[in-house]
Amino acid sequence: MSSGNRGQGRGGSGSGRGAWSSGPPRGRGSNSDSRGNNRGGYIGRGGTTPERGTTASPPFRGSDRGRGGGGFRGESGAFRGERGQGRGFTRGTGGPAHGRPRAQPPGLYAAESPASIDTRLQNDTQNQVLATLKSLSLAEKERQLAGEVLPVRPDYGTEKLKDIKLRTNYFPVIVPEVPIFEYGVAITPIAHQKTIGAGKKRRIFQLAEQTKKWNECGLKDVAHDHIAKILSAKELPDPITIEVDYYGEDEERPPPNPEKFAVVITKLRELALQDLVSHTAGERQYKDFDIAPLLAALNIILASHATSPEGKGVMVGRNKFFFPTPSMVWELGGGLQAFRGFYSSVRPTHYQLMVNVNVCTTAFYKPGNLAKAILEFMNGSFGANPNAFIKPNLKIVVTHFQPPRHKTVKALFNKTASQYKFPCSEFNNESISVAEYFKKRKTLQYPDLPLVDITPGKEKGKTLVPPEVCEILPNQAFLGKLSEQHTASMIEIAAQPPNVNATAIVDQGLKLLGYAGPSSTRDKFGVGIRPEMAVVPGRILKSPKIEYGRGSKGTPKPDEKASWNLRDVKFAIGGKLENWLVLLVHDGNGQDEFQLQDAKLKETIKGFKGMCQKSGIQVVGEPRYTEVFLPAKDRSDPLREKAMDNVRAVMLRQMPSLKLALVLLSDGDKHIYSGIKRLFDTELDIATVCAHSKKIRNEKGQPQYFANVALKVNMKLGGVNHSLDTASMAWLKKETSMLVGIDVTHPGKGTIRGTPSVAAVVASCDLTYAQYPASMKLQESKVEMVQALDEMMKERLDLFKHKNKNTLPQRIIIYRDGVSEGQYHLVLEKELPKIKEAFQKYNTPSKRYEPKLTIVICAKRHHTRFYPTAQPDADSKKYNPLPGTVVDRGVTSIYHFDFFLQAHGGLQGSTKPTHYFVVHDSIGFTADQLQGLTNSVSYMFARATKAVSLVSPAYYADLACERGRCYIHRLLHGYSDSGASTASSDEEEVMKEARKLWNEGVNGKRLKDTMYYL
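Take a look at the structure:
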């Protein structure tokens, strides 16, 4: 339906976690690989805690499942087996499956094949290269210390329990000795000056390919990105101009007087791929050589088969390829499907160019009626905003046009078919609603759904249609935030043993991508790929010894999963639990496990109190008890804000001396959870630990559950759960040191436009290296670099100074999470100066404060995987690498200081190592020192009795960011008091609303210097 200037009748043209989590999905972008989004995933970052999961652990095992331990963060196990009986990625014919993959037996991948390491990766050869790189000029060394350039690798690690061999999902690439030619593509309108959108440019490019002139000019054998860049193995005429008459994909031929466009192709440069060979050889003069254009060219060449009509692949982003056959698609419900495919990216490695290939899983829109899809999405998760389902540029067919027309969705409109009225020329310009207009033809089934805005480009007026006359076109990725139900389904689909993943990559992925067997385009460029996985050297590091407090019976020893149990141990330092409250929340859902006067409630709390005392917490007195009754769920209050008014009213009567509230919830409503955290953190200044009533009442799992809750309670009271032995802490205690974690989380799809990002800085505040209080701030939307880092670092240093007899740390090690490879330089340019500004605030007339500083980037959003080659080097259940596996040769940086470390043991599927990359190092770490420190500190995560996959300070920063998201929960879910929408908003007004919700953050004297966010 049209309104405004267009006139009626014109159609126009053209983040969890487990089922119950300690916070909503973080939403760092897309659901695929994203951290991500959704920053990815759920099971890996937690799981069995009272606030984060559902699965019971063995008796008295600690609570956290370990970040990334086999979870879904864009990661993916192999595809599921055939329906009913099959194995592997294939499932036979038929429509998309509704079930879950049958478990496939784990084992060693390629167990019968020899695993030979390239001789060029041996010590002598690599050390010769290092010696050349380390012979830097004094000026170069000063630039490194000043943070102007990345530090070179100091050495390779040697300390280990044992050396091992690992296969990895990298395949050698052979490049031609002759150059290739790169051309740019410019598309311009011939008779007008309208802006051309990316989608239309791709269509124009496609039409140009279909012209006779395309082949006449030698363009038949080129590779391209479908919009702006062309690569040729031979030199082409320069320039080439092709004129195109435009028509849409749903049209057979151009209309009369079509739009005309000129496609102009001009030479940009010659690319000598042999320069990449010199770069991978570690030649010093190639250290700062710009390899990005060469890698981009190779990626385009390698993508040519998958994106061709023969390959039939769907490309998402620059590196992911999906093949929408029935055997590669699974139903998620809620209007979505899961597609399984493959990631591919060319990487320079030691002495060899390689292509990294991995399995990947992404949610796609289910083709079909748009209205039904929106309703499915909303019904799948209470409070789901339909705006979170619709992404801009969603391709649809509008069926009430004759003939039906392909259109692009701009956004959902803020009014429904019943609400929106327009002057209708068909009815004497009478103002009627869209629903009334359609009633003349057919009665709308869903008149109360938002209208769909399909206004082309920047045209004035609106072209609006009801969603029920729209059909979603196939093969469109859903890049929004997944619901908890969707995420749980994605985890099931993704979690496969490493041998199944590896087999799928080699047997299926290489063929579908065109890397195995003949490939017309790749062959014409002389680019070859060896179909065997590379083998790299690795080591297994020794795990640290775990120490608990006096009165413990024995010392727990980590097992092959890097986990231990809490039986017969006391916390290293017990906190003091006093002035505490049990808050019973009745959600009106019929799932209440307790009543306030229920003897079972008192008995349960008595048992919990006993567990706290047994663990070493000093419990003073009995808790107070109170309850709150919440109104029933109501679509008019999707975020449950009326329910939070009830909680606030009850709690204000319990003030002011309260220190901690144990909140018993009857379900895992994320809106209630977020509201409670915001209320107690920013308004009431009371620590909270949330527990699920059903789980805490269950006698069978009670000891485990009590122990898990006690872990959190002790840390929030300022205690220390466990520590490491003196030998493992020796490096840290040699000089006064501070460990820091930094992270930033961003709004994802479906949020109010302009919703700010949340930055967090956590830091150890004493020499136990156990307590990490946090500084959190809002900052400009989707800005990764921490804007107020100087203030936040000063807050952390002030507390350290206060806790350590007026002493500041001499060494500071920062673990920085969430930074991509392309942003490393920004950490040096933007964040390092702010950190140094914080240091300068402690200068005195007689002495400057200049601590030694190392900054390490931590990355989980990568696609490198390792596969053991010998059974003793793999865990006994899934055959993942053992905890402590470290790799710093073969697939790491050729020139710079980095390594992959898998500190944790996997729980399901394939484990993912963390990539650690040093961007600044004035401490002067050796590889062994930094790798050993990082591995040891991964055992210090307080709410787990296991090593975690992301080093503890960075993990804490991630959790602090998650807590900050609770405070702006309504904006992140697409709701705003200012009337702003997900499509357009006044970002200044949105920031004002966010600051109001933020309420100065956590600024009360009871919580400010604690780990309230844990």
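Count the sequence shown with full-length UniProt numbering and you get residues 1 to 1014, in order.
From the three backbone atoms N, C-alpha and C, an ideal C-beta is built for every residue, glycine too.
**Asked** Helix, strand or coil: which one does DSSP assign to R87?
**Response** Counted from its first residue, the sequence shown places residue 87 at position 87. Because the pLDDT of R87 is 33, which lies under 50, any placement of that residue in the model is unreliable, and the number read from its coordinates should be weighed accordingly. Note: R87 maps to coil in three-state DSSP.
**Message:** To the nearest angstrom, how far is the alpha carbon of A262 from that of P189?
**Reply:** Stepping through the sequence shown from its first residue, residue 262 is reached at position 262. Stepping through the sequence shown from its first residue, residue 189 is reached at position 189. Going from the Cα of A262 to the Cα of P189 covers about 6 Å.
**Prompt:** Mind pulling the alpha helix (DSSP H) runs of 4 or more residues that sit fully within the segment 150-190?
**Reply:** None, since the segment 150-190 contains no complete alpha helix (DSSP H) of that length.
**Prompt:** Start and end of the beta strand (DSSP E) containing G341?
**Reply:** On the sequence shown, residue 341 is found 341 positions in, with the first residue counted as 1. It spans L336 to T349 - the beta strand (DSSP E) in which G341 sits, taken as one unbroken run.
**Item:** Inter-residue Cα distance where the pair is R153 and F900
**Value:** Locating residue 153 in the sequence shown gives position 153, counting from the first residue. Locating residue 900 in the sequence shown gives position 900, counting from the first residue. Spanning the two alpha carbons is a distance of roughly 14 Å.
**Item:** Those residues which DSSP pairs with Y365 across a bridge
**Value:** Walking along the sequence shown from the start, residue 365 turns up at place 365. Its beta-bridge partners are L336.
**Prompt:** Looking at the structure shown, is G53 part of a helix, part of a strand, or coil, going by DSSP?
**Reply:** What you label residue 53 is simply residue 53 of the sequence shown in a count that begins at 1. Here G53 scores only 36 on pLDDT, less than 50, and its place in the model is too uncertain to base an answer on.
**Message:** Quick check on the burial criterion: 16 or more other C-beta atoms within 10 angstroms. Buried or exposed for K629?
**Reply:** Here residue 629 refers to the residue found at position 629 of the sequence shown. The sequence given here places Phe at residue 629; Lys does not occur at that position. F629 comes out exposed.
**Prompt:** To the nearest whole angstrom, what separates the beta carbons of V582 and Y548, a pair I think is in contact under 8 Å?
**Reply:** Within the sequence shown, numbered from 1, the residue matching residue 582 stands at position 582. Within the sequence shown, numbered from 1, the residue matching residue 548 stands at position 548. V582 to Y548, Cβ: 27 Å. No contact.
**Asked** Which residues in the same chain have their Cβ closer than 6 Å to the Cβ of F839, if we skip the five residues on either side of it in sequence?
**Response** By 1-based counting over the sequence shown, the position of residue 839 is 839. So the list reads Y849, once near-sequence residues are dropped.
**Asked** Grouping DSSP H, G and I as helix and E and B as strand, with all else coil, what is C966?
**Response** The residue you call residue 966 lines up with position 966 of the sequence shown. Helix.
**Item:** CB contact flag (E831, I742, <9 Å)
**Value:** Here residue 831 corresponds to residue number 831 of the sequence shown, with the count starting at 1. Here residue 742 corresponds to residue number 742 of the sequence shown, with the count starting at 1. Against a cut-off of 9 Å, the Cβ pair of I742 and E831 comes out as a contact.
**Prompt:** CA-CA distance, C966 and W998?
**Reply:** Residue numbering aside, residue 966 sits at position 966 when the sequence shown is read from its first letter. Residue numbering aside, residue 998 sits at position 998 when the sequence shown is read from its first letter. Each residue's Cα considered, the two are about 9 Å apart.
**Coarse secondary structure for A874, derived from DSSP in three states** = Taking the sequence shown and counting its residues from 1, one reaches residue 874 at position 874. A874 falls in the strand class under three-state DSSP.
**Message:** Can you confirm whether the segment 328-347 touches the segment 437-446 when touching is taken to mean that 3 or more C-beta pairs between the two stretches lie within less than 8 Å?
**Reply:** no
**Prompt:** Rounded to a whole number of angstroms, what is the C-alpha to C-alpha distance between V185 and P913?
**Reply:** One-based indexing of the sequence shown puts residue 185 at position 185. One-based indexing of the sequence shown puts residue 913 at position 913. About 40 Å.
**Asked** Roughly how many angstroms lie between the CA atoms of R143 and Y286, to the nearest whole one?
**Response** Looking up residue 143 in the sequence shown gives position 143. Looking up residue 286 in the sequence shown gives position 286. Approximately 18 Å, taken between the alpha carbons.
**Asked** Could you give the C-beta distance for I812 and L853, rounded to a whole number, given that I count them as a contact under 8 Å?
**Response** Indexing the sequence shown from 1 puts residue 812 at position 812. Indexing the sequence shown from 1 puts residue 853 at position 853. So it is a contact: roughly 5 Å between Cβ atoms.
**Prompt:** Where does the unbroken alpha helix (DSSP H) through K694 begin, and where does it stop?
**Reply:** Start at 1 with the first residue of the sequence shown, and residue 694 comes out as number 694. It spans S693 to R697 - the alpha helix (DSSP H) in which K694 sits, taken as one unbroken run.
**Prompt:** Among I696, P558 and N358, which one has its Cα closest to the Cα of S345?
**Reply:** In the sequence shown, the residue the question calls residue 345 occupies position 345. Here the closest residue by C-alpha is N358.
**Request:** Leaving aside the five residues before and after F205 along the sequence, list all residues of the same chain whose C-beta is less than 8 Å from its C-beta, in chain order.
**Result:** Sequence index remark: in the sequence shown, residue 205 carries index 205 (1-based). Excluding residues within five positions, the ones whose Cβ falls inside 8 Å are V185, I187, H224, H226, I227 and V263.
**Request:** Alpha carbon to alpha carbon, how far is G197 from T844? Give it in angstroms, no decimals.
**Result:** Residue mapping note: residue 844 aligns to position 844 of the sequence shown, counting from 1. Residue mapping note: residue 197 aligns to position 197 of the sequence shown, counting from 1. Each residue's alpha carbon lies about 57 Å from the other.
**Asked** Got a sec, what are the start and stop residues for the beta strand (DSSP E) I814 sits in?
**Response** For the purposes of this step, residue 814 is identified with residue 814 of the sequence shown, where counting begins at 1. Here the beta strand (DSSP E) through I814 covers R811 to D817.
**Assigned secondary structure, N356 (DSSP; H/G/I helix, E/B strand, else coil)** = Translated into the one-based positions of the sequence shown, residue 356 becomes position 356. In the structure shown, N356 sits in a strand (DSSP, three-state: E or B).
**Asked** Between G1012 and D681, is the Cβ-Cβ spacing less than 9 Å?
**Response** As a working mapping, residue 1012 is identified with position 1012 in the sequence shown. As a working mapping, residue 681 is identified with position 681 in the sequence shown. According to the sequence as given, residue 1012 is Tyr; it is not Gly. In contact: Y1012 and D681 (Cβ atoms closer than 9 Å).
**Prompt:** Does DSSP put A373 in a helix, a strand or coil?
**Reply:** Looking up residue 373 in the sequence shown gives position 373. Residue state, collapsed to three classes: helix.
**Asked** Thinking C-alpha only, which one of E578, P151, A760 and R539 is nearest D790?
**Response** If you number the sequence shown from 1, residue 790 lands on position 790. Of E578, P151, A760 and R539, the residue nearest in Cα terms is A760.
**Message:** Considering just the uninterrupted stretch of the alpha helix (DSSP H) at L930, what are its terminal residues?
**Reply:** As a position in the sequence shown, residue 930 is number 930, starting the count at 1. First-last of the alpha helix (DSSP H) with L930: A927 to V937.
**Message:** Is it buried or exposed, T745, if we count other Cβ atoms within 10 angstroms and call 16 or more buried?
**Reply:** Position 745 of the sequence shown, counting from 1, holds the residue named residue 745. Its Cβ being crowded by 16 or more others within 10 Å, T745 is buried.
**Prompt:** By how many angstroms is the C-alpha of F525 removed from the C-alpha of H400?
**Reply:** Indexing the sequence shown from 1 puts residue 400 at position 400. Indexing the sequence shown from 1 puts residue 525 at position 525. The alpha-carbon atoms of H400 and F525 are separated by roughly 48 Å.
**Message:** Taking a contact to mean a Cβ-Cβ separation below 9 Å, would you say L930 touches L541 in this structure?
**Reply:** Counting from one through the sequence shown, the residue named residue 930 turns up at place 930. Counting from one through the sequence shown, the residue named residue 541 turns up at place 541. For L930 and L541, no; Cβs fall outside 9 Å.
**Asked** So, using beta-carbon positions, are T688 and L662 closer together than 9 Å?
**Response** Here the question's residue 688 lines up with position 688 in the sequence shown. Here the question's residue 662 lines up with position 662 in the sequence shown. Yes, they are a contact pair.
**Item:** Candidates A730, Y772, S693 and G218, of which the one nearest M715 by Cα
**Value:** As a position in the sequence shown, residue 715 is number 715, starting the count at 1. Measuring from the Cα of M715, the nearest candidate turns out to be Y772.
**Message:** For a minimum of 4 consecutive residues, which ranges assigned as the alpha helix (DSSP H) are wholly contained in the UniProt domain "PAZ" (373-474)?
**Reply:** 434-439
**Asked** Just curious, the beta strand (DSSP E) that Y625 is in, first and last residue?
**Response** Along the sequence shown, read from residue 1 onward, the residue named residue 625 stands at position 625. First-last of the beta strand (DSSP E) with Y625: R624 to F629.
**Item:** 9 Å Cβ cutoff met for I855 and H896
**Value:** Along the sequence shown, one-based indexing puts residue 855 at 855. Along the sequence shown, one-based indexing puts residue 896 at 896. Contact check for I855 against H896 fails: the beta carbons are separated by 9 Å or more.
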